[in-house]
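For the sequence shown, the positions run 2 to 139 when my numbering is used. All C-beta atoms, glycine included, are put in the ideal place defined by N, C-alpha and C. Predicted model only: the values in this text are computed from it and were never measured.
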Amino acid sequence: MLLADGVVPANDGRGYVLRRLIRRGMVHARRLGPAVHLSSGVPIVARLLGPVYAEVRTQVERIAEVVRSEEERFGVALRQGMERLAPLLERGTLNPQEVFYLHDTLGFPIELTAQLAKERREASATGAESRPAASPPR
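Shown next as structure tokens:
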């Protein structure tokens, strides 16, 4: 609806809300696989909402292009953030300055950093539980 009203992703105001919504959707869509793109769902949403919101139906191509463009921009931020985050997760600790840098400089979502850190801790705990116990000394 925001896109049909002419709002575009930006760093402030309604545009920032839109950017965050698109990026949050992308984070969740990536769980389904790397080939899943929000922009491919725009025609489906337009078809469903078209009878009620004609402006969505008449702007399908423009809306899909804006979403596709934001997906590309955020894709770069995700790749850069993952490259920077991976060694930090391997190290096993994250400090607030590193999390802030990822978010403020690279646009890497704080909630994604937290989710990946949690998954890493859970994987480490699972790995430790599955190791056989050391043999007692003789």
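*Are the Cβ atoms of GLY82 and LEU50 separated by less than 7 angstroms?*
It is not a contact, given that the beta carbons lie outside the stated cut-off.
Exercise. Thinking just about the alpha-carbon of each residue, which of LEU22, LEU95, ARG20 and ARG58 is nearest to the one in VAL46?
Worked result: Closest option to VAL46, Cα to Cα, is ARG58.
message: Quick check on DSSP: helix, strand or coil for PRO7?
response: The question names Pro, but residue 7 is Gly in the sequence shown. If DSSP states are grouped into helix, strand and coil, GLY7 belongs with coil.
Does the count of Cβ pairs from the segment 5 to 18 and the segment 63 to 72 closer than 8 angstroms reach three?
Pairwise C-beta distances place the segment 5 to 18 in contact with the segment 63 to 72, as three or more of them are shorter than 8 angstroms.
Requested in this report: Go to ASP105, then tell me how far its alpha helix (DSSP H) extends in each direction, as first and last residue.
Outcome: Element bounds for ASP105: 97 to 105.
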